[in-house]
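Enquirer:
As structure tokens, then:
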């Protein structure tokens with residue numbers, strides 16, 4: 026039986042050279058990987074083997090039923106503007122998140138939480154989310170920074186899960202913020218923040234991960250297709266060292282700039298649509314993406330960049346700005362290792378962030 030896990034911010038690293046199994050869990054422990062990290066990664070990996078829950082509402086009720094009264098009080102909050110907009114992508118010590126972090130919950134809680142999160146994402150979106158968590162675990166075991174790690178992601182529920190009423194799931198941590206408002210069991214998934222450092226890493230089992238590979242490649246393919254004149258037309262007048270509309274920037278969309286979709290060739294327009302489709306693949310429903318791709322919407326959508334048009338390079342910045350859709354890419358120097366790629370992205374919806382509940 027898996028004992029309840031109460032992770033601590035400071036994780037004791039194993040010093041073994043070869044992998045072995047613990048007697049009570051059978052989880053593989055690797056050199057420089059903590060037992061707590063190994064157990065959590067095992068729970069993440071095994072979550073893919075479970076049936077996808079019938080609905081977010083049912084999954085939320087199951088999750089809440091596993092919590093102690095004290096934890097339920099911390100996790101279930103009011104659905105109000107000042108609370109739901111309290112999210113960040115920074116490491117643990119730089120802000121305070123809603124709800125409870127995985128290192129504060131036991132194994133039963135975490136397994137139910139993962140299934141709840143999974144019920145709100147496409148399979149591709151859930152895989153990407155867990156890969157971002159693995160990247161943070163990789164960073165933690167690589168440099169033992171106790172503000173990093175897969176156990177430091179927090180979950181909260183805002184409102185009362187119901188088939189009829191509006192409620193919200195928030196899951197956030199370093200390089201990850203999922204703000205998912207559920208209405209009639211349809212998940213509205215923006216604003217969404219995804220980042221990763223390093224951009225590519227090889228896990229202890231030899232598997233290589235690159236969580237933002239498709240987003241980066243689709244954007245780079247579009248930029249590589251642009252002529253010099255188009256590149257000049259799309260260039261912004263100022264540098265952006267990070268994304269513009271991250272945390273605490275709700276309802277703050279700037280003036281539209283860049284080159285219009287309508288100024289692109291037919292082939293480039295297909296590449297443009299591929300960027301939008303790729304970046305919004307986490308959504309379990311297609312209605313939102315279809316609205317972004319309507320011809321009337323596309324003709325009011327632009328692409329812009331600053332700093333560098335190679336999306337791997339530090340200072341590279343790009344955005345897509347439409348009547349509803351807002352996508353941003355930012356490449357930075359690695360915070361832990363300056364030579365490692367370090368990427369930030371955001372997806373917002375001008376009309377339906379937080380399902381439109383708090384739009385100005």
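Residue numbers (the numbering used here): 26 to 385. Idealized CB from N, CA, C, for every residue including glycine.
(1) Between residue 260 and residue 355, is the Cβ-Cβ spacing less than 8 Å?
(2) So for residue 203, helix, strand or coil by DSSP?
(3) With a cut-off of 8 Å on the beta carbons, I'd call residue 104 and residue 193 a contact; round off their distance for me.
(4) Output the distance between the C-alpha atoms of residue 17 and residue 222, rounded to the nearest integer angstrom.
(5) Would the segment 75-83 count as touching the segment 144-160 if we require 3 or more Cβ pairs under 8 Å?
(6) Just to confirm, are residue 207 and residue 139 a CB contact at a threshold of 8 Å?
(7) Hey, out of 219, 95, 262 and 187, whose CA is closest to residue 283's CA?
(8) Please name the residue in 351, 359, 60 and 374 whose C-alpha comes closest to that of residue 175.
(9) Can you list, in chain order, the residues of its chain whose CB lies under 8 Å from that of residue 149, leaving out five sequence neighbours each side?
(10) Which two residues bound the contiguous beta strand (DSSP E) that contains residue 357?
(11) Taking a contact to mean a Cβ-Cβ separation below 8 Å, would you say residue 378 touches residue 275 in this structure?
(12) Measure the Cβ-Cβ separation of residue 117 and residue 108 and say whether it is below 8 Å.
(13) Residue 245 to residue 323, Cα distance in whole Å?
(14) Output yes if chain D places a C-beta closer than 8 Å to the C-beta of residue 341; else output no.
(15) Tell me whether residue 370 is buried or exposed, calling it buried when 16 or more other Cβ atoms sit within 10 Å of its Cβ.
(16) Mapping DSSP to helix, strand and coil, what is residue 366?
(17) Jot down the residue ranges of each uninterrupted beta strand (DSSP E) in the segment 303-349, minimum 3 residues, whole runs only, in chain order.
(18) Run the CB neighbour count on residue 55, radius 10 Å, all protein chains shown included, and call it buried at 16 or more, exposed below.
(19) Give every residue of the same chain whose Cβ lies closer than 6 Å to the Cβ of residue 163, excluding the five residues on either side of it in the sequence, and list them in chain order.
(20) Which whole-angstrom value describes the C-beta separation of residue 179 and residue 124, a residue pair presumed to lie in contact below a C-beta threshold of 8 Å?
(21) For the segment 58-101, which segments carrying the alpha helix (DSSP H) assignment without a break, of at least 4 residues, lie completely within its bounds, in sequence order?
Expert: A quick look at the data gives this:
(1) no
(2) strand
(3) 6 Å
(4) There is no way to answer for residue 17, as the model of the chain reaches only from 26 to 385.
(5) yes
(6) no
(7) 262
(8) 60
(9) 306 and 307
(10) 350-358
(11) yes
(12) no
(13) 19 Å
(14) Structure shown: chain D not included; a single protein chain is present.
(15) buried
(16) strand
(17) 327-331 and 342-346
(18) Only weak support exists for where residue 55 lies, its pLDDT of 47 falling under 50; the value from the coordinates is given anyway. So residue 55 counts as buried.
(19) 226
(20) 5 Å
(21) 60-72, 81-91 and 94-100
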